[in-house]
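Residue numbers (UniProt numbering): 1 to 313. Please read the structure below before turning to the comments.
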Amino acid sequence: MSLGFLSTPVPVALMHADGYRDVFLHETAAGMLEAIDGIPRSGARVLVKPNLLSAGNDGLVCTHPLVVRAVCLVLLEAGCKVTVGDSPGFGTASRVSRKIGLEKALADLGLSVITLGRPTPMHTSFGARIGVSRDALEQDCILNLPRLKAHKQMRISGALKNLFGAVVGVRKPLIHHLYGDKGERFESVFVEIADHLPPVTSLMDAVVSMHGTGPINGEPCPTSLLAASLSPVALDTAMYAMLGLTPARVPLWNEARRRRLPGSETADIAYPLAQPEDFDLSGFRAPAELSPQTFNPLRLAHGACRRVLARIM
Numbered sequence: 001m002s003l004g005f006l007s008t009p010v011p012v013a014l015m016h017a018d019g020y021r022d023v024f025l026h027e028t029a030a031g032m033l034e035a036i037d038g039i040p041r042s043g044a045r046v047l048v049k050p051n052l053l054s055a056g057n058d059g060l061v062c063t064h065p066l067v068v069r070a071v072c073l074v075l076l077e078a079g080c081k082v083t084v085g086d087s088p089g090f091g092t093a094s095r096v097s098r099k100i101g102l103e104k105a106l107a108d109l110g111l112s113v114i115t116l117g118r119p120t121p122m123h124t125s126f127g128a129r130i131g132v133s134r135d136a137l138e139q140d141c142i143l144n145l146p147r148l149k150a151h152k153q154m155r156i157s158g159a160l161k162n163l164f165g166a167v168v169g170v171r172k173p174l175i176h177h178l179y180g181d182k183g184e185r186f187e188s189v190f191v192e193i194a195d196h197l198p199p200v201t202s203l204m205d206a207v208v209s210m211h212g213t214g215p216i217n218g219e220p221c222p223t224s225l226l227a228a229s230l231s232p233v234a235l236d237t238a239m240y241a242m243l244g245l246t247p248a249r250v251p252l253w254n255e256a257r258r259r260r261l262p263g264s265e266t267a268d269i270a271y272p273l274a275q276p277e278d279f280d281l282s283g284f285r286a287p288a289e290l291s292p293q294t295f296n297p298l299r300l301a302h303g304a305c306r307r308v309l310a311r312i313m
């Protein structure tokens, strides 16, 4: 896709969701995707990309299984060929999905969860080489399912951040180590990965969000919201604004605006369903201070050991 060639205004569909109820989520997901013209054609190969970072924190780290199921059901009803996958920070996608209940939620749909692999080089504008999964690149489109979370290094983890899961395995912490806190290079990686992937539609799980800290050890915050857009930039911008944040406080928003990407300004966005003022997100606490983006060598080694142990277990 090309983030720079989307037309404005970019639609962002918002809907209230007070809980994770199977039939309700299916009907809501279908209505939201229809409102933004986000249901792929029959026969399209679609990667459903939830956040499967880790099985910890009672499943709060990941996209809720019933949100993933609802979107998969909409796609299957439309005649799409669905693959569900991610590249978790620790362990395999199948192990994380089993522990959080996603494997069970998808069982009657005939779907399993794969770990995204087969790294293929992507060259960034500043000369870096990033290993992006061919399992993602070979799809016709991606249905990106982030969970709204606070993030100690990026302040908020949303749609753009969730696409980092298309980078294969240990290459993700290596990117932190090599490019974190080096001007705008780290933020550029996220934007350029999104630009390199097939067309992305995003539907965000913000029914219960993670706040305080994150992306793993935060606390639950009921925000009672689902949001969807054809643009990960516009979806994130809408959420940043609804949370009362400013571009100066959110590195990825600041980078999107620096590049003048469509959807990076609130004026770029149209709301075909509910309006932002219909929601109260004032209880959400973003991190007051950000931690360094860079992972030191000791943390890299510790993370590598955890990944090996998780795969063995």
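Each residue gets a CB set at the ideal place from its N, CA and C atoms; glycine is no exception. Values in this document were obtained by computation on a predicted structure and should not be read as measured data.
Check	Outcome
Write down every uninterrupted run of the alpha helix (DSSP H) in the stretch 42–114 whose length is 4 residues or greater and which is fully enclosed by it, in chain order.	65–77, 93–100 and 102–106
Decide if arginine 311 is buried, meaning its Cβ has at least 16 other Cβ atoms within 10 Å, or exposed.	Because arginine 311 carries a pLDDT of 48, less than 50, the predicted location of this residue cannot be relied on, and no value is offered for it.
For serine 229, write down the residues that DSSP places opposite it in a beta bridge.	Val12 and Ser202
In this structure, does DSSP put lysine 152 in helix, strand or coil?	coil
Tell me whether serine 282 sits in a helix, a strand or coil according to DSSP, three-state version.	coil
Under the rule that 16 or more other beta-carbon atoms within 10 Å means buried, what is glutamine 275, buried or exposed?	exposed
To which residues does DSSP link serine 209 through a beta bridge?	Cys221
Short check: CB of proline 11 to CB of leucine 230, under 9 angstroms?	yes
Using only the alpha-carbon positions, how far apart do proline 119 and glutamine 139 sit?	14 angstroms
Quick one: Cα of arginine 41 to Cα of valine 71, how far?	15 angstroms
Under three-state DSSP, which class holds leucine 300?	Reliability of the predicted coordinates at leucine 300 is poor, the pLDDT of 46 falling under 50, and no value is obtained from them.
Per DSSP, leucine 245 is paired with what?	Bridge partners of leucine 245: none, in fact.
Within the same chain, show all residues whose beta-carbon is closer than 6 angstroms to that of leucine 300, passing over the 5 residues directly before and after it, in chain order.	Legend: pLDDT at leucine 300 = 46, less than 50; position of this residue unreliable, value from coordinates given subsequently. These residues qualify, in order along the chain: Pro173 and His177.
I need the DSSP call for alanine 267, collapsed to helix, strand or coil.	helix
Under the rule that 16 or more other beta-carbon atoms within 10 Å means buried, what is threonine 246, buried or exposed?	exposed
Among Val67, Pro251, Ile39 and Gly38, which has the Cα closest to the Cα of leucine 52?	Val67
Go through the stretch 154–192 residue by residue and report every complete run of the beta strand (DSSP E) that reaches 3 residues or more, in order.	155–157
For the alpha helix (DSSP H) that contains valine 250, what are its first and last residues?	Run containing valine 250: none; DSSP gives neither H nor E here.
Could you give the C-beta distance for valine 46 and lysine 81, rounded to a whole number, given that I count them as a contact under 8 angstroms?	7 angstroms
Under the rule that 16 or more other beta-carbon atoms within 10 Å means buried, what is residue 316, buried or exposed?	Residue 316 is absent from the structure shown; the chain starts at 1 and stops at 313.
Would you call the stretch 124–133 in contact with the stretch 152–170, where contact means no fewer than 3 C-beta pairs closer than 8 angstroms?	yes
On the criterion of 16 or more Cβ atoms from any shown chain inside 10 Å, does valine 74 qualify as buried, or is it exposed?	buried
Within this structure, are the beta carbons of histidine 123 and glycine 214 separated by less than 9 angstroms?	no
How is the beta strand (DSSP E) around arginine 129 delimited, first residue to last?	129–133
When you compare the CB positions of proline 220 and methionine 210, do they come within less than 9 angstroms of one another, or not?	yes
Would isoleucine 142 and valine 233 qualify as a contact pair, given that the criterion is a beta-carbon distance under 9 angstroms?	no
Tell me which same chain residues have a C-beta within less than 6 angstroms of the C-beta of leucine 101, skipping the five on either side of it?	It is glycine, not leucine, that sits at residue 101 in the sequence shown. The residues are Pro65.
Could you check what DSSP says for threonine 124 in three-state terms: helix, strand or coil?	coil
For arginine 21, does the three-state DSSP call read helix, strand or coil?	coil
Grouping DSSP H, G and I as helix and E and B as strand, with all else coil, what is leucine 145?	strand
Sort out for me which residues DSSP pairs proline 119 with in a bridge.	Ser133
Look up aspartate 236 in the DSSP assignment and say whether it is helix, strand or coil.	helix
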